[in-house]
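Asks: So the sequences go chain by chain: A and B.
First residue of the first sequence? That's 17 in my numbering, and the numbers climb one at a time after it.
First residue of the second sequence? That's 217 in my numbering, and the numbers climb one at a time after it.
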Amino acid sequence: MIRFVILRLLQTIPVIWVIITATFFMIRFVPGGPFTAEKAVTPEILRNLEAHYGMNKPLYRQYLDYTSSLLKGDLGPSFKYPTRSVNEIIADKLPVSVELGLLSLAVALGVGLPLGVLAAVRRNTWIDYICSSVAMVGICVPTFVLGPLLILVFAIHLGWFNASGWYGPIDRVLPSITLGSVYAAYVARLARGGMLEVLSQDYIRTARAKGASEFRVIVKHALRGGLTPVVSFLGPAIAGIVTGSFVIETIFQIPGIGREFINSAFNRDYTLVLGTVVLYAGFIIAMNLVVDVALVWLNPRLTFE
Amino acid sequence: MSPAEIERGHSLWSDAWHRLRRNRLALAGGMLLAVLALACAAGPFFSQSYEEQNLDLGAVPPSAQHLLGTDTLGRDLLARTLYGGRISIMVGLVATFVALAIGVSYGAIAGFFGGKVDAVMMRLVDILYALPFAIFVILLMVFFGRNIFLLFFAIGAVEWLTMARIVRGQVLSIKRMEFIEAARALGLGRRRIIFRHVIPNVLGPVIVYTTLTIPAVMLLEAFLSFLGLGVQAPMSSWGVLIKDGSEKMEEFWWLLVFPGVLFSLTLFSLNFLGDGLRDALDVRASKD
Numbered sequence: 017m018i019r020f021v022i023l024r025l026l027q028t029i030p031v032i033w034v035i036i037t038a039t040f041f042m043i044r045f046v047p048g049g050p051f052t053a054e055k056a057v058t059p060e061i062l063r064n065l066e067a068h069y070g071m072n073k074p075l076y077r078q079y080l081d082y083t084s085s086l087l088k089g090d091l092g093p094s095f096k097y098p099t100r101s102v103n104e105i106i107a108d109k110l111p112v113s114v115e116l117g118l119l120s121l122a123v124a125l126g127v128g129l130p131l132g133v134l135a136a137v138r139r140n141t142w143i144d145y146i147c148s149s150v151a152m153v154g155i156c157v158p159t160f161v162l163g164p165l166l167i168l169v170f171a172i173h174l175g176w177f178n179a180s181g182w183y184g185p186i187d188r189v190l191p192s193i194t195l196g197s198v199y200a201a202y203v204a205r206l207a208r209g210g211m212l213e214v215l216s217q218d219y220i221r222t223a224r225a226k227g228a229s230e231f232r233v234i235v236k237h238a239l240r241g242g243l244t245p246v247v248s249f250l251g252p253a254i255a256g257i258v259t260g261s262f263v264i265e266t267i268f269q270i271p272g273i274g275r276e277f278i279n280s281a282f283n284r285d286y287t288l289v290l291g292t293v294v295l296y297a298g299f300i301i302a303m304n305l306v307v308d309v310a311l312v313w314l315n316p317r318l319t320f321e
Numbered sequence: 217m218s219p220a221e222i223e224r225g226h227s228l229w230s231d232a233w234h235r236l237r238r239n240r241l242a243l244a245g246g247m248l249l250a251v252l253a254l255a256c257a258a259g260p261f262f263s264q265s266y267e268e269q270n271l272d273l274g275a276v277p278p279s280a281q282h283l284l285g286t287d288t289l290g291r292d293l294l295a296r297t298l299y300g301g302r303i304s305i306m307v308g309l310v311a312t313f314v315a316l317a318i319g320v321s322y323g324a325i326a327g328f329f330g331g332k333v334d335a336v337m338m339r340l341v342d343i344l345y346a347l348p349f350a351i352f353v354i355l356l357m358v359f360f361g362r363n364i365f366l367l368f369f370a371i372g373a374v375e376w377l378t379m380a381r382i383v384r385g386q387v388l389s390i391k392r393m394e395f396i397e398a399a400r401a402l403g404l405g406r407r408r409i410i411f412r413h414v415i416p417n418v419l420g421p422v423i424v425y426t427t428l429t430i431p432a433v434m435l436l437e438a439f440l441s442f443l444g445l446g447v448q449a450p451m452s453s454w455g456v457l458i459k460d461g462s463e464k465m466e467e468f469w470w471l472l473v474f475p476g477v478l479f480s481l482t483l484f485s486l487n488f489l490g491d492g493l494r495d496a497l498d499v500r501a502s503k504d
């Protein structure tokens with residue numbers, strides 16, 4: 017296993033490098049820079065600004081400078097927040113997004129798993145139909161429709177929550193439900209499918225024949241195999257929660273890294289865009305690795321190639 | 217194709233049609249979809265103008281005159297929603313076609329050649345799968361202007377991966393079948409075998425997955441439009457309308473509710489239809 021993890025980590029190095037390089041040059045080859053929006057900057061000031069950020073050097077030099085400081089873990093100064101470094105901004109905003117992401121994942125698994133397992137166990141009964149229909153609704157109502165609707169009903173009309181902001185624990189409720197619901201729906205469908213497949217297998221019949229209680233059959237015997245599809249979905253789900261956070265943080269005005277990423281792209285804050293892309297890419301690749309390891313652990317028939 | 221093959225194909229499709237007809241949800245989805253598509257295609261010719269402003273009127277709630285009300289500039293919401301639906305559906309179809317073209321050719325080539333070519337090509341797909349692609353689409357849209365053709369291409373370039381995997385798996389199993397061997401024995405070139413014999417036989421799964429890709433693509437378009445990165449004014453799409461609606465929902469709820477409901481209904485129909493087709497054509501494909 018350790019060999020597998022090390023091999024995979026080695027493979028990700030060129031991938032991350034390609035991402036950094038592609039993003040770096042994509043950003044630099046577009047018209048308009050971070051200072052074009054600034055109100056009437058005199059040529060001298062512009063030159064000074066560019067010198068300050070090293071942008072008067074040839075492009076390859078900037079690239080080398082950036083990558084070598086990146087290796088030291090330094091993501092450079094922000095272009096739009098002159099006094100702050102990208103590292104500081106990320107350290108400031110990331111915890112908020114991580115909290116939102118974890119809560120949404122908790123909603124996805126906490127709601128999706130029981131619904132899916134229940135639907136599979138009570139297959140083709142009204143319980144199954146209700147669970148499956150709820151899951152379909154969750155899949156088909158996009159987050160950016162659900163979020164505003166929830167605000168409209170529960171914040172504006174009923175007044176139970178604040179319409180936006182990120183202060184008390186109560187402000188966590190609507191955003192995590194909004195972001196988690198789609199994934200809860202997918203998790204429910206996948207868990208149902210996976211459980212149905214496992215429940216028809218011989219070893220389940222053996223367990224039943226030996227007199228194990230139905231609860232024990234499901235929890236001890238079926239769940240481990242039945243959850244494989246859910247676990248392999250976690251990779252895409254985590255990537256989806258990351259991109260979903262862009263919208264959620266905009267809707268609920270949450271000061272997280274997702275909203276910062278969108279703003280930095282609009283502002284052409286080169287270093288901040290690059291920094292967040294590196295962060296996201298590294299994170300998502302790492303999560304996929306974790307998921308792959310978990311899959312083998314769940315299903316011993318798979319081996320680490 | 218030989219006569220025997222045509223006959224077999226015929227019975228497969230008519231079987232599938234019988235099974236689909238018994239699936240009420242899928243049929244309802246298909247019909248709702250047809251109605252929505254027709255309304256969006258023909259509606260703007262009959263309804264009020266989608267861009268004519270009436271600032272004196274402002275935003276009024278649904279009434280006999282304006283069935284879905286008007287927006288803050290006094291534009292008829294029904295007309296705007298139908299017109300927006302046109303753009304959303306068009307983006308859905310065109311970008312899906314892009315994804316389809318890339319995915320099918322890529323998967324077919326990998327599956328057909330097999331061996332090392334396959335290993336390298338599918339490893340690349342695995343790597344691409346793990347990348348945060350939506351982020352690159354966002355960067356593309358921000359940096360290279362919000363051009364609708366770029367939008368098609370960018371979305372299509374993201375959504376082809378699963379299609380490639382499905383087609384590859386199918387091709388791998390089909391190419392071991394006897395009629396392919398026969399074609400090869402007849403001296404057909406590789407290209408002809410791929411395009412004339414292999415691709416027509418992977419059509420079932422491709423159709424199913426295409427029906428399921430369209431809602432995914434429409435969702436991505438609406439997502440980008442919601443962030444202000446997709447379709448630009450004066451054009452509008454459901455994503456744009458939902459964004460506008462969510463900004464003004466506190467006073468004018470109908471601006472959010474109607475486009476949101478219509479968009480969700482469309483996604484519903486497509487998903488039910490896709491699921492129904494999957495059962496009807498008996499395709500076992502991994503859901504992503």
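Quick reminder that beta carbons are idealized off the backbone N, C-alpha and C, glycines included.
Is the Cβ of W470 of chain B closer than 8 Å to any Cβ of chain A?
Replies: Closer than 8 Å: no.
Asks: Please report the distance separating the alpha-carbon of L541 of chain B from that of R235 of chain B.
Replies: In the structure as shown, chain B begins at 217 and stops at 504. Residue 541 of chain B is therefore absent and cannot be evaluated.
Asks: Interface residues of chain B around M42 of chain A at Cβ under 7 Å?
Replies: Neighbours of M42 of chain A on chain B, chain order: L355 and F359.
Asks: Per DSSP, P93 of chain A is paired with what?
Replies: Bridge partners of P93 of chain A: A:S101.
Asks: Whose Cβ in chain A lies nearer than 7 Å to the Cβ of I343 of chain B?
Replies: Near I343 of chain B (Cβ distances below 7 Å), the residues of chain A are V31.
Asks: For N487 of chain B and chain A, any beta-carbon pair shorter than 8 Å?
Replies: Yes, because at least one Cβ of chain A sits closer than 8 Å to the Cβ of N487 of chain B.
Asks: If you run the structure through DSSP and keep just helix, strand and coil, what is D292 of chain B?
Replies: D292 of chain B: strand per DSSP, three-state reduction.
Asks: Compute the beta-carbon to beta-carbon distance between V456 of chain B and G308 of chain B, rounded to the nearest angstrom, for a pair I have assumed lies under 8 Å.
Replies: The pair is not a contact, with the Cβ atoms about 15 Å apart (cut-off 8 Å).
Asks: Can you say whether S389 of chain B is buried or exposed, counting buried as having 16 or more other CB atoms within 10 angstroms of its CB?
Replies: Exposed, since its Cβ has fewer than 16 Cβ neighbours within 10 Å.
Asks: Only counting runs of 4 or more residues, tell me where the alpha helix (DSSP H) segments fall wholly within the segment 255–294 of chain A, in order along the chain.
Replies: With a minimum length of 4 residues, the continuous alpha helix (DSSP H) runs that stay inside the segment 255–294 of chain A are 273–283.
Asks: Might you give, ordered along the chain, the residues of its own chain that have their beta carbon closer than 7 Å to the beta carbon of V214 of chain A, omitting 5 neighbours on each side?
Replies: Result list for V214 of chain A: I220, A238, G241 and G242, in chain order.
Asks: Exposed or buried, Q269 of chain A, counting other C-beta atoms within 10 Å across all chains shown (16 or more means buried)?
Replies: Answer is exposed; the Cβ neighbour count stays below 16.
Asks: Verify the contact flag: L166 of chain A, CB atom, against every heavy atom of the ligand HEM, threshold strictly below 7 Å.
Replies: The model depicted lacks the ligand HEM and carries no ligand whatsoever.
Asks: Pick from A:L314, A:A297, A:I193 and A:S192: whose alpha carbon is nearest that of T244 of chain A?
Replies: Answer by Cα proximity: A:L314.
Asks: Taking just the CA atoms, how far does Y97 of chain A sit from M71 of chain A?
Replies: M71 of chain A and Y97 of chain A: Cα-Cα distance of roughly 17 Å.
Asks: With a 10 Å radius around its C-beta and 16 neighbouring C-beta atoms as the bar for buried, classify I257 of chain A as buried or exposed.
Replies: Buried, by the Cβ-count rule.
Asks: Would you say S462 of chain B faces chain A, with C-beta separation under 8 Å as the test?
Replies: Yes, its Cβ sits closer than 8 Å to a Cβ of chain A.
Asks: Can at least three beta-carbon pairs, one atom from the segment 259–269 of chain A and one from the segment 109–118 of chain A, be found at a separation below 8 Å?
Replies: Judged by Cβ distances under 8 Å, the segment 259–269 of chain A makes contact with the segment 109–118 of chain A, as three or more pairs qualify.
Asks: Which residues in the same chain as I493 of chain B place their Cβ atom closer than 6 Å to its Cβ, once the five residues preceding and following it in sequence are excluded?
Replies: The sequence given here places Leu at residue 493 of chain B; Ile does not occur at that position. Counting only Cβ-Cβ distances below 6 Å, and skipping sequence neighbours, we find V424 and T427.
Asks: What's the call for T141 of chain A, buried or exposed, on a 16-neighbour Cβ count within 10 Å?
Replies: Classification of T141 of chain A: exposed, given that the 10 Å Cβ count is below 16.
Asks: Closest Cβ-Cβ distance between I172 of chain A and chain B: below 8 Å?
Replies: For I172 of chain A, the answer is yes, since a Cβ of chain B falls inside 8 Å of its Cβ.
Asks: Give the residues from the segment 149–165 of chain A that approach chain B closer than 9 Å (Cβ to any Cβ), ordered along the chain.
Replies: Taking 9 Å as the Cβ-Cβ cut-off against chain B, the residues of the segment 149–165 of chain A that qualify are M152, V153, I155, C156, V157, P158, T159, F160, V161, L162, G163, P164 and L165.
Asks: Kindly indicate if chain A contains any beta-carbon less than 8 Å away from that of F474 of chain B.
Replies: Not an interface residue.
Asks: By DSSP, does T244 of chain A sit in helix, in strand, or in coil?
Replies: The answer is helix: DSSP assigns T244 of chain A an H, G or I state.
Asks: Would you check if there are 3 or more beta carbon pairs closer than 8 Å linking the segment 223–233 of chain A to the segment 144–158 of chain A?
Replies: No contact exists between the segment 223–233 of chain A and the segment 144–158 of chain A.
Asks: Given that A466 of chain B touches chain A, what residues does it touch there, using C-beta distances under 7 Å?
Replies: The identity of residue 466 of chain B in the sequence shown is Glu, whereas the question assumes Ala. The answer, in chain order, is I172.
Asks: Based on the DSSP secondary-structure assignment, which residues constitute the bridge partners of T286 of chain B?
Replies: Paired residues: B:D292.
Asks: Taking all protein chains shown into account, do 16 or more other C-beta atoms lie within 10 angstroms of the C-beta of E463 of chain B, making it buried, or fewer, making it exposed?
Replies: Exposed, by the Cβ-count rule.
Asks: Which one of B:D491, B:L472 and B:I318 has the shortest CA to CA distance from P277 of chain B?
Replies: When only C-alpha atoms are compared, the closest one is B:L472.
Asks: Consult DSSP for F468 of chain B and reduce its assignment to one of helix, strand or coil.
Replies: Looking at F468 of chain B - three-state DSSP - the assignment turns out to be coil, as it is neither helix nor strand.
Asks: Count the other CB atoms within 10 Å of the CB of N417 of chain B; is the residue buried (16 or more) or exposed (fewer)?
Replies: Under this definition N417 of chain B is a buried residue.
Asks: If you drop the 5 nearest sequence neighbours on each side, which residues of the same chain put their C-beta closer than 6 Å to that of F488 of chain B?
Replies: So the list reads L241, A242 and G245, once near-sequence residues are dropped.
Asks: Per DSSP, what kind of secondary structure is L278 of chain B in: helix, strand or coil?
Replies: In the sequence on display, residue 278 of chain B carries Pro and not Leu. If DSSP states are grouped into helix, strand and coil, P278 of chain B belongs with coil.
Asks: Can you name the start and end residues of the alpha helix (DSSP H) that R381 of chain B belongs to?
Replies: Note, R381 of chain B: alpha helix (DSSP H), L377 to I390.
Asks: Taking all protein chains shown into account, do 16 or more other C-beta atoms lie within 10 angstroms of the C-beta of M247 of chain B, making it buried, or fewer, making it exposed?
Replies: Label assigned to M247 of chain B: exposed.
Asks: So what does DSSP say about W229 of chain B, is it helix, strand or coil?
Replies: W229 of chain B: helix per DSSP, three-state reduction.
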